[in-house]
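A.B. asks:
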Amino acid sequence: MTLDDTPHPPTPETSAVDARAEDVARPAGWEAHPTGGRRQGPHGQRPQSPPGRRPRHGFIEVRGAREHTLRNIDVDIPKLHLTVVTGVSGSGKSSLVFDTLAAESQRQLNATFSAFARNRLPSYGQPDVDRMAHLCAVTVVDQKRLGGGARSTVGTATDIGARLRLIFSRAGRPFAGYSNAFSFNDPQGMCPRCQGLGVVSVVDETQLVDRDRSLDDGGLTFPAFGVGGWFWRSYARSGFFDPSLPLREFSDEQWRIFMYAEQGELKAPNPDVTSYEGVVARFNRLYLHKEPDAYKGKAREAFERIVTRGVCPDCAGTRLAEGARSSLIDGRSIADLNALQADELAGVIRAIDDPSVAPLVADAADQVERLGILGLGYLSLDRATSTLSGGESQRVKMVRHLGSSLSDLLYVFDEPTVGLHPRDVHRLGSLLEELRDQGNTVVVVEHDPEIMAIADHCIDMGPGAGRAGGAVTYEGSYDGLVKSETRTGLGLRAARVTRDAGAVRTPSGHVRIEHASTHNLRDVTVDLPLGVLTVVTGVAGSGKSSLIRGHLPAVRPDAVLLDQSPVRGSRRSSPATFTGVLDPIRSLFARTTGAPAALFSPNSDGGCPECQGAGVIFTDLAFMDGVTTMCEVCRGRRFKDEAQQHLVRGRSIADVFELSVAEALEFFTEKAIRPTLQRLSDVGLDYLTLGQTLTTLSGGERQRLKLASELVVGGKFYVLDEPTTGLHLADVEHLVALLHRLVDDGNTVIVIEHNLDVVVAADWVIDLGPGAGHDGGRVVFEGTPAALAADGSTYTGEYLARYLAD
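Each residue of the sequence shown is one higher than the last, beginning at 802 in the numbering used here.
1. Measuring CB atoms only, is the region 1201-1215 touching the region 936-943, in the sense that at least three cross pairs come out at less than 8 Å?
2. Using 8 Å for Cβ pairs, my map puts residue 1385 next to residue 1473. What's the rounded Cβ distance?
3. Quick one: what's got a C-beta closer than 7 Å to residue 929's C-beta in the same chain, skipping five residues either side?
4. Alpha carbon to alpha carbon, what distance is there between residue 1184 and residue 1345?
5. Which residues share a DSSP beta bridge with residue 877?
6. Just mark residue 1304 as buried or exposed, buried being the case when its beta carbon has 16 or more other beta carbons within 10 Å.
7. What span of residues does the alpha helix (DSSP H) with residue 1202 cover, start to end?
8. Considering only residues of the region 1513-1598, which uninterrupted beta strand (DSSP E) runs meet the minimum length of 3 residues and lie entirely inside it, listed in chain order?
9. Do residue 1120 and residue 962 count as a contact pair if the criterion is CB distance below 8 Å?
10. Would you report the Cα separation of residue 1418 and residue 897, rounded to the nearest angstrom?
11. Whose C-beta lies closer than 6 Å to the C-beta of residue 1247 among residues of the same chain, with five residues either side of it excluded?
12. Pull the bridge partners of residue 1130 from the DSSP assignment, please.
13. Whole angstroms is fine: what's the gap from residue 1375's alpha carbon to residue 1335's?
14. Output yes or no for whether 8 Å exceeds the beta carbon distance between residue 1047 and residue 1012.
15. Taking only beta-carbon atoms, is residue 1530 less than 8 Å away from chain D?
16. Can you give me the Cβ contacts of residue 947 inside the same chain, cut-off strictly under 7 Å, excluding the 5 residues immediately before and after it?
17. Just how far apart, CA to CA, sit residue 1238 and residue 1436?
18. In three-state terms, what does DSSP make of residue 1041?
19. Check residue 1255 in the structure and name its three-state DSSP category.
20. Could you check the C-alpha separation between residue 1159 and residue 975 for me, to the nearest Å?
21. How close, in whole Å, do the beta carbons of residue 1316 and residue 1324 come, if the pair is a contact with beta carbons under 8 Å?
22. Can you list, in chain order, the stretches of the beta strand (DSSP E) that have 3 or more residues and sit fully within the region 1414-1479?
23. Would you say residue 1232 and residue 1175 are within 8 Å of each other, going by their C-beta atoms?
24. Can you give me the C-alpha to C-alpha distance between residue 990 and residue 1478, rounded to a whole angstrom?
25. Please name the residue in 905, 914 and 862 whose C-alpha comes closest to that of residue 925.
26. Rounded to the nearest angstrom, what separates residue 1056 and residue 1089 at their Cα positions?
27. What residue does the beta strand (DSSP E) around residue 1110 start on, and which one ends it?
28. In this structure, what does DSSP give as the bridge partners for residue 1276?
29. Under 8 Å, do residue 1519 and residue 1269 count as touching if we go by C-beta distance?
30. Would residue 1483 be called buried (16 or more neighbouring beta carbons within 10 Å of its own) or exposed?
31. By the three-class DSSP mapping on this structure, what secondary structure does residue 1227 have?
32. Roughly how far, in whole angstroms, is the beta-carbon of residue 1485 from the beta-carbon of residue 1447, given that I think they are within contact range, below 8 Å?
33. When we look at the beta-carbon of residue 894 and count the other beta-carbons within 10 Å, is it buried (16 or more) or exposed?
34. May I ask which residues mark the beginning and end of the beta strand (DSSP E) holding residue 1315?
35. According to DSSP, which residues form a beta bridge with residue 1325?
36. For residue 985, which of 1021, 1544, 1214 and 1124 has the nearest alpha-carbon?
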């Protein structure tokens, strides 16, 4: 790939930019799209770029992009503008924006560092593209959940906590020390009992040992201490005890030695046991402070049975030492401020009247207010990041970038409206515009029409998904997109009406949740109708998930919950392996050809010996970037020649792996195979190939893959948590049709959702609110969608009425 500064004019018939493009230097040959022109967004006239700050090159140029399903496309992205990339799921949006544009920007930036530094930076391969020019340093704000472990909170992730620590170190009385004395991640500031975690773990000794059994009979119940193991021998062969004697018959001294003797305290009578330590002492030292996620299978079950966790009694869960908790400003400690909702906290911080910290106060308050603007006003700074959803995680990351004085950056966002109620979407749009007006280029992959409407430039990908996508079907203004014949344009123009009264289903009964008080729920009692489609809605943080996911399983343990948890699988996993359809396919090949079934699995005997069935070779270059290349032996097909020589109806197993779901439905007639393929098609994944690795799927695709797989359970009570995540307008219509089919088949379907197209399609709506956090937690409406829109007293009702009138 060559990179140069020579302007290449885009194709006139697909190029457009609105009137704001006069602020950038247009390449020679640039022509506005006939339907171009500035569209006034919902927030008034946008500020123009500062005079005299025009970039040398007005566009980021992408030429000949072929990454994944992209069809050798050329795209020009205007700098200092807000560009929204749209298109149906699987159309190539992420391939263009993340795997080509962002990946190459990050790769080139990383290449400027030393080899030592690059070894500690993420590795990005060179995308399949002919040429890219005029790139900017990029910041990717995606939906990957925030890491950091048990010590990571909203306060630490946004750096607001660091600002508060500085404020208290200067203005708190009595003086407790410098800023690290207010940090629960520093030895000076952390509670000594819980080590800054806010929780303490206690061993339930009755679960660790079974006193009715002897050591020989499995009296130690933790798997690591099982009969025959090294730890077991240190007790059974120590000489302190009779291993055939039930533990209950140990003397008091034997029990003390067995359970509590510290490491090195005693020398075992048997010289073969070189190090003796009591069971509880050893468990506490080796296992107590680990997270349950460190264990799998039976070991995790045993750990969760043995270890109980509760709020630290010394710090009351604040994680902080006594000195930090005692230092106050206006009668509040830093722990008190960390526990406040962001909506409250901003005002409390601004009320701090101390000239020595005035700049810090203003900065911290601004950052906290941005949490509210992003629809996260219900979060507190002490909220663990591990409890945040993908959408919440992305918006928390945004807080760190907003207000930055850096400019001329490329910001890339991945569906930032995920999890947002329509009330909060326009606030997010304002912040995206703010980033742009600071002199940055902002590119957003998004399906929400309101974000499309404020864009300076739109790029629509399609026309279909998978092999049917990968092309640019429209470039230009939002007004032109609405008038276009693309699937996005048709979706934006589609009429929206509530269901006729005669079409609304009548419940076959009800299931009651009584006195729900989890988190912010206020003693909620609600009847959920059976045999209909019910949508539970409300602003983010209003209590939807707390009500349904927290309380429904207690009254309907048979409910099948389809949530947003990530799809599990390795780089070898594919839709065929994840859904289990590979097993009957292998059996078909084995039965037809007489070869063993293992020959038709890339992860078993049939795998290419050169790449071990992965299809690619990963070369570790030590301190340089690793390189992934197609396997030259199997040419990326994953199977060895012997497996590919066996055919079923003219196709090899490698050919089958390359079939799309739609093509596989045409090829297979077997009853053991077709139902799984049909479910994949029903959830809109008919364009995926059976052997496509799960690591190449978008978040929305992975969620729908899980939906297709979970439907195999055959339950009659389904709960779906925001199933429209990552779905295009056309795909949402497809999903709604699937939900109606489920109900028509005699199932009950409950959907936790913000998407108004889903709300409109419901038989019954339960709206929670009226606000978020302590301002929510109540049922504010129950009824049909038409009644909700007519009522208009709730946020959902207000925006639903606008949506239907638009």
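All C-beta atoms, glycine included, are put in the ideal place defined by N, C-alpha and C.
C.D. replies: Reading from the atomic positions:
1. Enough Cβ pairs lie closer than 8 Å, so yes.
2. So it is a contact: roughly 4 Å between Cβ atoms.
3. So the list reads 867 and 868, once near-sequence residues are dropped.
4. Rounded to the nearest whole angstrom, the CA to CA distance from residue 1345 to residue 1184 is 18 Å.
5. Residue 877 is bridged to 862.
6. Exposed, because fewer than 16 other Cβ atoms sit within 10 Å of the Cβ of residue 1304.
7. From DSSP, the alpha helix (DSSP H) with residue 1202 extends over 1191-1202.
8. Entirely contained in the region 1513-1598, the beta strand (DSSP E) runs reaching 3 residues are, in chain order, 1518-1522, 1549-1553, 1565-1570 and 1579-1584.
9. Judged by their CB atoms, residue 962 and residue 1120 are not nearer to each other than the 8 Å cut-off.
10. If I take the Cα positions, the gap works out to 24 Å.
11. The answer, listed in chain order, is 885 and 1216.
12. Answer by DSSP bridge pairing, in chain order: 1133.
13. Each residue's Cα considered, the two are about 32 Å apart.
14. A contact, by the Cβ cut-off of 8 Å.
15. Included in the structure is just one protein chain, with no chain D present.
16. For residue 947, same chain residues with a beta-carbon under 7 Å away, outside a window of 5 residues either side, are 953, 958, 1186, 1189, 1194 and 1197 in chain order.
17. Going from the Cα of residue 1238 to the Cα of residue 1436 covers about 48 Å.
18. It is coil, neither helix nor strand.
19. It is coil, neither helix nor strand.
20. C-alpha separation (whole angstroms): 19 Å.
21. Beta-carbon to beta-carbon, residue 1316 and residue 1324 are separated by about 5 Å, close enough to satisfy the 8 Å threshold.
22. As far as the region 1414-1479 is concerned, its whole beta strand (DSSP E) runs of at least 3 residues are 1417-1420 and 1428-1431.
23. For the pair residue 1232 and residue 1175, the CB atoms are nearer than the 8 Å cut-off.
24. Taking the CA atoms as reference points, residue 990 sits about 56 Å from residue 1478.
25. When C-alpha distances from residue 925 are compared across 905, 914 and 862, the shortest belongs to 905.
26. If I take the Cα positions, the gap works out to 21 Å.
27. Residue 1110 -> beta strand (DSSP E) spans 1108-1112.
28. Residue pairing for residue 1276: DSSP places it in a beta bridge opposite 1260.
29. Contact: no.
30. So residue 1483 ends up on the buried side.
31. Looking at residue 1227 - three-state DSSP - the assignment turns out to be helix.
32. Not confirmed; about 33 Å, so no contact.
33. Residue 894 comes out buried.
34. First-last of the beta strand (DSSP E) with residue 1315: 1310-1317.
35. Beta-bridge pairing links residue 1325 to 1317.
36. Per the Cα distances, 1124.
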